[in-house]
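Participant: Going by my numbering, the sequence shown opens with residue 297, and the numbers climb by one from there. Just so it is clear, CB atoms sit at the ideal spot from N, CA and C, and this is done for glycine as well.
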Amino acid sequence: MKFKVIPLAAWLVACQGLLPLFGQNPTNQPSPPLTVVVLPFTNSTGQAAFDPWREALPELFRHRLGLLVGVDPVETAETGLILTNAGWTVGGPSVTNLPERILQDPGVDAVLWGQFSLLGRKWEVQFQTLCKGTNAHAAAMALGAVSVEELLAGMAPALAKALGRRVEIVQAEKLNRLIHGSDASWEGYAKVLSLEARHALASERKTILHRILAGDPHFISGRRALVEILLGEEDKAEAEEEVRRLLAEAPDLCAPHLMMAWCLFQSGQKAAGEREARVALLQHAGCPSACAMLTHMCSDSNRWPELRVTLERANQDLPGSIPTMALLSKLRARCGDPEGAEEMLNQLGSARHGPSEIHVAMLEAALRCNRFLLAGRELRWLCVRASQEPAVREILAEVDSTFLCKATKEPAHRFSRPRAYTPDDLNAELHHRLKPEEVPLVDNPLEISPEISAFISVAPALI
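1. Starting from K418, follow the beta strand (DSSP E) in both directions and report where the run begins and ends.
2. Tell me, please, which residues DSSP counts as bridged to M437.
3. Decide if Y717 is buried, meaning its Cβ has at least 16 other Cβ atoms within 10 Å, or exposed.
4. Here's the rule I'm using: 16 or more other beta-carbon atoms within 10 Å means buried, otherwise exposed. How should C679 be labelled?
5. Span of the beta strand (DSSP E) holding A406?
6. Using a Cβ-Cβ cut-off of 7 Å (strictly less than) and excluding sequence neighbours within five positions of K502, which residues of its own chain qualify?
7. For T323, collect the residues of the same chain with a Cβ closer than 8 Å to its Cβ; drop the 5 residues on either side in sequence, then sort them by chain order.
8. Roughly how many whole angstroms lie between the Cα atoms of R350 and E538?
9. List in chain order: all unbroken alpha helix (DSSP H) runs of 4+ residues lying wholly within the segment 479 to 518.
10. Go to P369, then tell me how far its beta strand (DSSP E) extends in each direction, as first and last residue.
11. Hey, how far is the Cα of L361 from the Cα of V442?
12. Counting Cβ pairs closer than 8 Å, one from the segment 392 to 411 and one from the segment 490 to 499, do we hit at least three?
13. What is the rounded straight-line gap between the Cα of A657 and the Cα of Q579?
14. Should the segment 564 to 571 be regarded as contacting the segment 537 to 553, the criterion being three or more beta carbon pairs within less than 8 Å?
15. For G636 and D548, what's the separation of their Cα atoms in angstroms?
16. By alpha-carbon positions, which one of D512, A498, L439 ends up nearest to F474?
17. For L577, I'd like the list of residues in its chain whose CB is within less than 8 Å of its CB, leaving aside the five on either flank, ordered along the chain.
18. Between the Cα of R507 and those of E529, V370, A480, spot the shortest distance and give me the residue it belongs to.
19. Please return the same chain residues whose Cβ sits closer than 7 Å to the Cβ of W600, not counting the five positions on each side in sequence.
20. By how many angstroms is the C-alpha of C594 removed from the C-alpha of E774?
21. Compare the C-alpha of F412 against each of D401, A724, E570, L353 and name the closest.
22. Would A486 pass as a contact of A468 if the rule is Cβ separation under 7 Å?
23. Let me check you understand the geometry: is the CB of E690 closer than 6 Å to at least one non-hydrogen atom of the ligand SAH?
24. Is it buried or exposed for D721, if we count other Cβ within 10 angstroms and need 16 for buried?
25. From V444 to L663, what distance separates their C-alpha atoms?
26. If you run the structure through DSSP and keep just helix, strand and coil, what is T331?
27. In whole angstroms, give me the CA-to-CA distance for P634 and L505.
28. Within a Cβ cutoff of 7 Å, which residues of the same chain sit near L414, ignoring the five residues on either side of it in sequence?
29. Hey, out of I465, P719, H649, D531, whose CA is closest to D368's CA?
30. Quick test of your reading: Q424 and A434, contact by CB under 8 Å. State the CB separation rounded to the nearest angstrom.
31. So what's N598 in DSSP terms, helix, strand or just coil?
32. Would you say E674 and L692 are within 7 Å of each other, going by their C-beta atoms?
33. F668: buried (16+ other C-beta within 10 angstroms of its C-beta) or exposed?
34. When burial is assigned at 16 or more other CB atoms within 10 Å of the CB, is I465 buried or exposed?
35. Taking buried to mean at least 16 other C-beta atoms within 10 Å of its own C-beta, is G672 buried or exposed?
36. Any idea if V301 is buried or exposed, counting beta-carbon neighbours within 10 angstroms, 16 or more meaning buried?
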């Protein structure tokens with residue numbers, strides 16, 4: 297199946313959120329996955345001016361959850377679907393036992409929610425976590441800080457303690473530079489995140505980001521968000537200019553290199569774009585977003601064996617990364633290794649959330665391995681997601697009998713229609729197969745069956 301382009305913004309956000317989904321524990325075995333849904337926070341300040349933080353804080357928590365080994369934060373778009381399935385609606389009445397309802401989703405392992413207040417300059421954030429399979433009450437944690445920067449710095453350790461996971465130190469140290477910025481910059485950034493969660497126009501968010509960067513040009517999180525918007529609008533000139541500024545600020549992060557790789561690739565410089573994506577993979581060993589981008593860049597050239605080597609190495613560098621494993625299952629199947637592909641699918645288990653490219657890859661791998669129940673599950677998931685992503689609708693438009701023939705394994709022996717026989721052909725074939733003594737019986741059975749002949753001779757008298 298040809299790999300369709302999933303919008304780049306999803307990959308770039310995933311660069312910060314899909315860091316290590318699994319890591320190595322002290323026994324050198326991948327930790328079990330922990331899929332976490334973060335709910336909107338409650339504004340306890342009593343001031344509507346702080347309402348944007350209701351959506352902004354959950355997004356910042358998702359970002360910090362990505363720094364924990366073995367934790368997969370559910371994306372904002374999917375969180376909305378999960379909330380809807382649990383009976384929650386925007387502006388509607390509160391739902392009793394909402395976290396427990398969400399945990400009934402087989403793809404969710406934990407729920408995080410909380411509230412915040414601001415007294416003078418001091419932040420007070422309280423959050424609770426509830427994990428599936430535990431009879432205990434929700435674990436409660438509190439964070440206090442005199443600035444947003446201090447608040448963000450304390451998030452990852454607090455989350456690690458609450459969920460019983462550890463922080464990936466190397467990436468945490470690199471990404472800590474993303475939190476540098478004045479409270480005014482973060483206040484504007486919170487408005488941007490809130491507008492994005494409410495599906496506001498990109499132009500409105502871009503105006504705010506330009507204003508923030510004019511006063512705080514070294515605010516990396518704001519510049520990264522601006523680049524994502526520009527890439528989504530295909531404003532190549534301004535996007536490339538902003539990416540170069542971002543690279544100058546953070547050359548050892550993977551996201552700026554991935555953004556530059558996409559700019560180069562879109563402008564026709566495919567080889568240069570691929571080189572830049574590989575630089576991102578060097579900066580962040582096993583980066584799932586770099587693996588996804590390289591898979592797309594190499595798809596048209598059918599360099600599947602070469603690409604498989606790259607992703608096998610990435611899977612070793614960052615064992616258990618769900619996006620990499622999904623793509624690797626497809627590559628193994630394409631390279632004629634259905635057993636290896638099936639092994640990877642078994643390790644993935646019931647991955648029910650995550651970026652669409654995960655499920656597209658699993659769909660193809662499942663079809664090539666004749667895992668039709670799994671393929672059906674992935675098709676159902678993609679049908680739900682198609683209402684939000686045009687690229688997914690394009691993929692589903694290809695799923696017909698032709699697609700199924702292309703995706704499944706080639707049969708060892710082709711089926712052929714049997715030849716047609718005329719009555720004369722059948723008689724000739726019959727005489728060819730009969731023994732000599734059987735031929736008279738077939739030609740006229742009455743002549744060689746005295747009992748039948750005698751019965752026929754008296755039959756008229758009996759009637």
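Facilitator: Quick look at the numbers:
1. 418 to 427
2. F423
3. exposed
4. exposed
5. 406 to 415
6. L522, I525
7. At T323 the pLDDT is 38, less than 50, meaning the model places this residue with poor confidence and gives no usable figure here.
8. 29 Å
9. 479 to 493, 498 to 511
10. 367 to 369
11. 22 Å
12. no
13. 25 Å
14. no
15. 33 Å
16. Correcting the residue type first, residue 474 is Leu in the shown sequence and not Phe. That would be D512, whose Cα lies nearest to the Cα of L474.
17. C550, C583, A586, C587, L590, T606, A610
18. A480
19. L627, R630, C631
20. Because the chain here runs from 297 to 759, residue 774 falls outside it and cannot be looked at.
21. L353
22. no
23. Absent from the structure shown: the ligand SAH. Ligands present: none.
24. exposed
25. 48 Å
26. strand
27. 48 Å
28. T341, F346
29. H649
30. 4 Å
31. coil
32. no
33. exposed
34. exposed
35. exposed
36. Only weak support exists for where V301 lies, its pLDDT of 39 falling under 50; the coordinates are left without a value.
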